[in-house]
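Worksheet: one structure, shown below.
2 protein chains.
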Amino acid sequence: MYSIDNDNPINYENVEDALNKFLSALGDKKLASEEIPVADSLGRILYDDIVAQFDLPTHDLAQTDGYAINSADVALADDGNPVCVEIVENTHITKNKIIKLEKNQGIKISSGALLPQNTNAVVSPEFTSVEGNCIKVFKSVISGENVYKKGDDIKQNNVFIRKQRKVRPLDIGGMINLGFKKVKVFKKPVISVMPVGDELLNINEKLEPGKIYETNSYVLRGLIKQLGGISEIMPIVKDNPAMIKTSIEKALKISDVVIISGGSSIGADDFTYEAIKNFKNSKMISNDIAMRPGKHTLLAYIDEKPVIGLSGHPAANVTAFLVFVKSLIVQLAGNPRSFWQEHKDNVRLDAVLEKDVESPLDTDDYIRVRLKKQDNGRITAYPYAGKPSSLSTLVKAHGYVKLPADCTKLYEGDRVEVLLF
Amino acid sequence: MYSIDNDNPINYENVEDALNKFLSALGDKKLASEEIPVADSLGRILYDDIVAQFDLPTHDLAQTDGYAINSADVALADDGNPVCVEIVENTHITKNKIIKLEKNQGIKISSGALLPQNTNAVVSPEFTSVEGNCIKVFKSVISGENVYKKGDDIKQNNVFIRKQRKVRPLDIGGMINLGFKKVKVFKKPVISVMPVGDELLNINEKLEPGKIYETNSYVLRGLIKQLGGISEIMPIVKDNPAMIKTSIEKALKISDVVIISGGSSIGADDFTYEAIKNFKNSKMISNDIAMRPGKHTLLAYIDEKPVIGLSGHPAANVTAFLVFVKSLIVQLAGNPRSFWQEHKDNVRLDAVLEKDVESPLDTDDYIRVRLKKQDNGRITAYPYAGKPSSLSTLVKAHGYVKLPADCTKLYEGDRVEVLLF
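Which chain is which? The protein sequence lines are L and P, in order. For the first sequence, the working numbering assigns the number 1 to the initial residue and increments by one for each residue that follows. For the second sequence, the working numbering assigns the number 1001 to the initial residue and increments by one for each residue that follows.
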């Protein structure tokens, strides 16, 4: 049941306080690990440091085309006094032959090829001239010149990637490069989503007057997928505390986090609150939160598992998910929130507000905005004053602007930061 | 075979020109469509506009708790002259009953409930007092007051979501809300990836001197997945034009785009170039491109399918993929590159350069950088001068800074824009 209420927000708990209490109650709890093929690890969070098992390159390699020689043999060479070095083979080395040379011998070599034993440098052809089976070398070289040394790229036993990184395509390549076939990652969080409401219909049912298709579970499923979680969508539950309780019991058995979507507005009876209170091991963290939309978000733990009650209003539902559940999942999944990963996971865009917006004092307001690129290249944000029950304004919106508790008004022309949906 | 070359970039083709030629040659070609369940459409590109099949709300609804009445019945009401309206039921309407009232009748109603026939407004209890089975109404109301009108949110036959949007979780909810079970989207592009090189080992083989594990296909597979494509990884092919050609033939049969990874550096013989030239219906678009790394990127069409040769050097490989293949896939998949979607698909971060970097004139340089958040909150970017063959610097890097062709130097302290990997 949807209700449009305009209660005074005073006595509602500040968003930051509620979030901190909610996350602290989780303590150090993290998801367990599992071992999976490196090739399938995209987007997963590394459980352990990745430590190099061998040097890369594994051997000294030529870094340019030229002649592999020993620098000691040409130590006295210069323009006026070239030194002759015997070329030991007609064909040059290109591939993976391991060759051993003697003193004063050299060999033609291609970039990337293994440097022969007893050589330590590659001299470029421009400093040489060929005479029979000898080359004249017209300059001295230092040991290691034009050589890609063993271990130059990665040293054995060094940490190559720190744990808790979210694996990128390049990281997969890096691990394969070091011979890893399997990798330990945090398990994916499993999140049950339970839609609650007498008015809700399954998409396969026929629409009736006064009823609506249940949509929140579809939105939440997508958001959970984007966060790397697994969603378990439960059947729709009626507005009935006993039935909600039974469904929560089932959800707790199969998931790390339980979301109850609907059944928690103050306009209607607060069924979710009642259902959670009836659990022996329940701990209510916060119920009335100073945010708009989403003030009837419910944060609790049952048997030490996080249980979140989201309002059935689509805007409140998604906003509270982004503020509370997203943060929770990030913490559970062991993600250290490196600033650049945080930036990738929360894409923002600066824009100029197209219309004044107001917000009560002491309430965090999350204003849906539609972005537009004007002819002059300027990006503008049009704020929707729409009802929180309106899913269509969310679909038309591209993100939201947050007005923090101490800000009561933003003006047309103000520069705002939009968090993209 | 890897080669480190320092050729003069003069006569190489400008990146933008090469890209434009490559994309123009594709013409209006787009992927075909397929119909899939709305629930599975996350990240897919809409093929058609989504048009509302019915109004939302489907009926007039009460927007607050109160009494549903007809505004005409209380047109003359004010504080001094309240109008009495008969309450027709003891229980109030909360759900989906359709009720019909007569003149001068009202009914108690909850927010969200269906407005009875012959009523057109909801009066708030604060402007009423109850006397027996009547309520006194102390003010006049206008038609539609506190009513959420049929079609207020979404109107039948209006375009709800424009085609070519990349579906977000909220969009799935929006489509379900409108009763859509299936939706037409662009097919996923299928991209074959063919690793080429005598030095390459499969991860299941034992590492030998002078050989390396083949990694580029793993990186490309991840990048393709992030772009919503399907990758077909082909077996490793030797540096042999005839074998490369055979493998390209196979790849063309099963994919929309073919990537040949390796076999196209100038230091080694240019096997890929030779293989492509041997196709009757091949059309070479560009071969030598003024970019670093990636100058030996090869852009071609065979039988009107795009075929891209990427250097085997990991840095060149990924850079040329991001510049050319990513753009191609976006165009093929029908994505209109709305500016906010482009912003989400290419996440950037401003940083301060930690060290001077130089670049030849007329070459686009893509400099890998490692980001760091300093104690003062400032984000710095450390440029890697590493070899293009170094995968480890890519893993340690967080993105790249582009030095366009007309820029030959950036200085320590310069503000740069980093495109995150």
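Virtual Cβ for every residue (Gly too), placed ideally from N, Cα, C.
Next on the checklist: Using only the alpha-carbon positions, how far apart do P:GLU1126 and L:LEU298 sit?
Outcome noted: By 1-based counting over the second sequence, the position of residue 1126 of chain P is 126. By 1-based counting over the first sequence, the position of residue 298 of chain L is 298. Whole-angstrom Cα-Cα distance: 29 angstroms.
Next on the checklist: Taking only three categories from DSSP, how would you classify L:PRO209?
Outcome noted: As a working note, residue 209 of chain L is residue 209 in the first sequence. Correct three-state label for L:PRO209: coil.
Item to check | DSSP-derived helix/strand/coil call for L:VAL472 | outcome: Nothing about residue 472 of chain L can be reported from this structure: the residues present for chain L run from 1 to 421 only.
Checklist entry - What in chain L is Cβ-close to P:HIS1343, meaning under 8 angstroms? => result Along the second sequence, read from residue 1 onward, the residue named residue 1343 of chain P stands at position 343. Simply VAL347, LEU349, LEU420.
Next on the checklist: Distance cutoff 8 angstroms, beta carbons only. Does P:PHE1160 sit that close to anything in chain L?
Outcome noted: Residue 1160 of chain P sits at position 160 when you count from the first residue of the second sequence. With 8 angstroms as the cut-off, P:PHE1160 counts as an interface residue toward chain L.
Checklist entry - Rounded to whole angstroms, how far is the Cβ of P:GLY1294 from the Cβ of P:ALA1275, which I believe are closer than 8 angstroms? => result Residue 1294 of chain P sits at position 294 when you count from the first residue of the second sequence. Residue 1275 of chain P sits at position 275 when you count from the first residue of the second sequence. That pair is no contact at about 19 angstroms.
Checklist entry - When you check each C-beta in the region 1297 to 1324 of chain P against every C-beta of chain L, which residues fall closer than 8 angstroms? => result PRO1314, VAL1318
Checklist entry - If we call anything under 8 angstroms between Cβ atoms a contact, is P:ASN1177 one with P:PRO1195? => result Here residue 1177 of chain P corresponds to residue number 177 of the second sequence, with the count starting at 1. Here residue 1195 of chain P corresponds to residue number 195 of the second sequence, with the count starting at 1. Cβ atoms of P:ASN1177 and P:PRO1195: not closer than 8 angstroms.
Item to check | Buried or exposed (CB count within 10 angstroms, at least 16 for buried), P:PRO1235 | outcome: Position 235 of the second sequence, counting from 1, holds the residue named residue 1235 of chain P. Burial call: exposed.
Checklist entry - P:GLY1112: buried (16+ other C-beta within 10 angstroms of its C-beta) or exposed? => result Position 112 of the second sequence, counting from 1, holds the residue named residue 1112 of chain P. Result: buried.
Checklist entry - How many Å lie between P:ILE1329 and P:ILE1191 at the Cα? => result Within the second sequence, numbered from 1, the residue matching residue 1329 of chain P stands at position 329. Within the second sequence, numbered from 1, the residue matching residue 1191 of chain P stands at position 191. Rounded to the nearest angstrom, the two C-alpha atoms are 9 angstroms apart.
Checklist entry - So is L:SER359 buried or exposed if we call it buried at 16+ other beta carbons inside 10 Å? => result Locating residue 359 of chain L in the first sequence gives position 359, counting from the first residue. Looking at its Cβ environment, which holds 16 or more other Cβ atoms inside 10 Å, L:SER359 is buried.
Item to check | Terminal residues of the beta strand (DSSP E) in which P:ALA1018 lies | outcome: Taking the second sequence and counting its residues from 1, the one referred to as residue 1018 of chain P is at position 18. Element bounds for P:ALA1018: not the beta strand (DSSP E) but the alpha helix (DSSP H), 1015 to 1026.
Checklist entry - Taking the Cβ atom as the reference point for each residue, do P:ARG1370 and P:LEU1394 lie within a distance shorter than 8 angstroms? => result Taking the second sequence and counting its residues from 1, one reaches residue 1370 of chain P at position 370. Taking the second sequence and counting its residues from 1, one reaches residue 1394 of chain P at position 394. Contact flag unset, no.
Checklist entry - Nearest CA to the CA of P:TYR1218: which residue from P:ILE1142, P:GLU1208, P:ILE1230? => result Numbered from its first residue, the second sequence carries residue 1218 of chain P at position 218. Checked all of P:ILE1142, P:GLU1208, P:ILE1230; the closest Cα to P:TYR1218 is P:ILE1230.
Item to check | Residues of the region 219 to 237 of chain L whose Cβ lies closer than 8 angstroms to any Cβ of chain P, in chain order | outcome: VAL219, LEU220, ARG221, GLY222, LEU223, LYS225, GLN226
Item to check | DSSP state of L:TYR148 mapped onto helix, strand, coil | outcome: Indexing the first sequence from 1 puts residue 148 of chain L at position 148. L:TYR148: strand per DSSP, three-state reduction.
Next on the checklist: For a contact defined as C-beta to C-beta under 9 angstroms, what are the partners of P:PRO1169 on chain L?
Outcome noted: Walking along the second sequence from the start, residue 1169 of chain P turns up at place 169. Simply TYR218, VAL219, LEU220, ARG221, GLY222, LEU223, ILE224, LYS225, GLN226, VAL318, PHE421.
Checklist entry - Considering only residues of the same chain and omitting the five flanking positions on each side of L:SER423, which have a CB-CB separation below 7 angstroms? => result It is not possible to answer for residue 423 of chain L, since the shown part of chain L is limited to 1 through 421.
Checklist entry - According to a CB-to-CB cut-off of less than 8 angstroms, which residues of the region 35 to 56 of chain L neighbour chain P? => result VAL38, ALA39, LEU42, PHE54, LEU56
Next on the checklist: Looking at chain P, is there any beta carbon in it that lies within less than 8 angstroms of the beta carbon of L:CYS407?
Outcome noted: Numbered from its first residue, the first sequence carries residue 407 of chain L at position 407. Cβ-Cβ to chain P under 8 angstroms: no for L:CYS407.
Checklist entry - Which residues in chain L sit within 9 angstroms of P:ILE1203, going by Cβ to Cβ distance? => result Counted from its first residue, the second sequence places residue 1203 of chain P at position 203. The contacting residues are VAL38, ALA39, ILE176, GLY179, PHE180, LYS181.
Item to check | the region 1026 to 1039 of chain P touching the region 1331 to 1339 of chain P, judged by at least three CB pairs closer than 8 angstroms | outcome: yes
Checklist entry - At which residues does the alpha helix (DSSP H) containing L:PHE339 begin and terminate? => result Along the first sequence, one-based indexing puts residue 339 of chain L at 339. Per DSSP, L:PHE339 belongs to the alpha helix (DSSP H) from 339 to 345.
Next on the checklist: Relative to the C-alpha of P:VAL1088, which candidate in P:VAL1074, P:ASN1104, P:PRO1082 has its C-alpha closest?
Outcome noted: By 1-based counting over the second sequence, the position of residue 1088 of chain P is 88. Of the candidates P:VAL1074, P:ASN1104, P:PRO1082, the one whose C-alpha sits nearest the C-alpha of P:VAL1088 is P:ASN1104.
Checklist entry - Can you round the beta-carbon distance between P:ALA1381 and P:VAL1347 to whole angstroms, since I take them to be within the 8 angstroms contact cut? => result Along the second sequence, one-based indexing puts residue 1381 of chain P at 381. Along the second sequence, one-based indexing puts residue 1347 of chain P at 347. P:ALA1381 to P:VAL1347, Cβ: 15 angstroms. No contact.
Checklist entry - Going by the beta-carbon positions, is the gap between P:SER1390 and P:ALA1315 smaller than 8 angstroms? => result By 1-based counting over the second sequence, the position of residue 1390 of chain P is 390. By 1-based counting over the second sequence, the position of residue 1315 of chain P is 315. Going by C-beta atoms, P:SER1390 is nearer than 8 angstroms to P:ALA1315.
Next on the checklist: If you reduce the DSSP assignment to three classes, tell me which class L:MET284 lands in.
Outcome noted: Counted from its first residue, the first sequence places residue 284 of chain L at position 284. Strand, per DSSP.
Checklist entry - Based on the DSSP output, what are the partners of L:GLY309 in its beta bridges? => result What you label residue 309 of chain L is simply residue 309 of the first sequence in a count that begins at 1. L:ILE260, L:LEU298.
Checklist entry - In chain L, what lies closer than 7 angstroms to P:ILE1098 by C-beta? => result Counting from 1 along the second sequence, the entry for residue 1098 of chain P is found at position 98. Ordered by position in chain L, the residues that pass the 7 angstroms Cβ test against P:ILE1098 are PRO209.
Next on the checklist: Is the separation between the beta-carbon of L:THR128 and that of L:VAL137 shorter than 8 angstroms?
Outcome noted: For the purposes of this step, residue 128 of chain L is taken as the residue at position 128 of the first sequence. For the purposes of this step, residue 137 of chain L is taken as the residue at position 137 of the first sequence. Contact: yes.
Checklist entry - Taking P:LEU1207 as the reference, which of L:HIS59, L:ILE50, L:VAL401 has the closest Cα? => result Taking the first residue of the second sequence as position 1, residue 1207 of chain P is located at position 207. Looking at the Cα atoms, L:HIS59 is the closest of the given residues.
Next on the checklist: Quick check on L:MET1: buried or exposed, where buried means 16 or more other Cβ atoms within 10 Å of its Cβ?
Outcome noted: As a working note, residue 1 of chain L is residue 1 in the first sequence. Because L:MET1 sits at a pLDDT of 30, beneath the cut-off of 50, its placement in the model cannot be relied upon, and the following sentence gives the value as read from the coordinates. Classification for L:MET1: buried.
Checklist entry - Using a Cβ-Cβ distance under 8 angstroms, would P:LEU1394 count as near chain L? => result Along the second sequence, one-based indexing puts residue 1394 of chain P at 394. Yes, its Cβ sits closer than 8 angstroms to a Cβ of chain L.
Checklist entry - Are the beta-carbon atoms of L:GLY151 and L:ASP49 separated by less than 8 angstroms? => result Here the question's residue 151 of chain L lines up with position 151 in the first sequence. Here the question's residue 49 of chain L lines up with position 49 in the first sequence. Result no, Cβ atoms of L:GLY151 and L:ASP49 do not sit closer than 8 angstroms.
Checklist entry - chain L partners of P:THR1215, CB-CB under 7 angstroms? => result Start at 1 with the first residue of the second sequence, and residue 1215 of chain P comes out as number 215. Ordered by position in chain L, the residues that pass the 7 angstroms Cβ test against P:THR1215 are GLY173, ILE176, ASN177.
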